[in-house]
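Residue numbers (this note's numbering): 44 to 151. Note that beta-carbon positions come from the ideal geometry of N, C-alpha and C, so glycine has one too.
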Amino acid sequence: GGCTHDFSGFLFLEYAEAVPSVYGWGGNFCIDVHGMKLNLPTNTAVRSFGNPQGMFTTETIIEDVASALGKTAEEIRERNLLTKSTAVTPWKQTMDFFNADMLYQKVK
44 GGCTHDFSGF LFLEYAEAVP SVYGWGGNFC IDVHGMKLNL PTNTAVRSFG NPQGMFTTET
104 IIEDVASALG KTAEEIRERN LLTKSTAVTP WKQTMDFFNA DMLYQKVK
């Protein structure tokens with residue numbers, strides 16, 4: 044954020060919630076988001092509320108893990124992709140309309 048009021052706090056929350064994405068992290072996941080105030084006016088546009096940035100971070104982590112393990116990113120994605128039966132929010136709420144696993148199989 045800049046030196047004036049903006050949506051940074053809300054964006055941090057949305058970003059942090061988007062990073063887990065459609066993968067199960069096995070309880071081994073924690074994210075801290077830190078913002079900085081600048082001496083410049085705020086001039087940011089808010090279009091996506093942090094979701095694309097969070098998912099980009101997630102996919103970068105997946106690719107780094109795959110590289111470190113000598114596997115393909117697809118292997119890591121498929122092994123950790125949530126399914127309709129395992130899709131639960133951090134607050135233990137089931138995601139009744141989860142379909143990422145079905146969509147992934149269609150485009151695979």
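- Contact between the stretch 91-100 and the stretch 58-77 is present: three or more C-beta pairs spanning the two stretches fall below 8 Å.
- Beta-bridge analysis with DSSP links Thr137 to Val131.
- In terms of Cα proximity to Thr115, the closest of Thr126, Glu102, Lys127 is Glu102.
- For Gly97, the enclosing alpha helix (DSSP H) begins and ends at 94-112.
- Relative to Glu121, the option among Lys135, Thr100, Val150, Gly97 whose CA is nearest is Val150.
- Nearest in C-alpha terms to Gln148, of all of Glu117, Phe140, Lys135, Glu106, is Glu117.
- In terms of Cβ geometry, Leu125 and Met138 form a close pair [threshold 9 Å].
- In summary, Leu81 is exposed, with fewer than 16 beta-carbon neighbours lying within 10 Å of its beta-carbon over all protein chains present.
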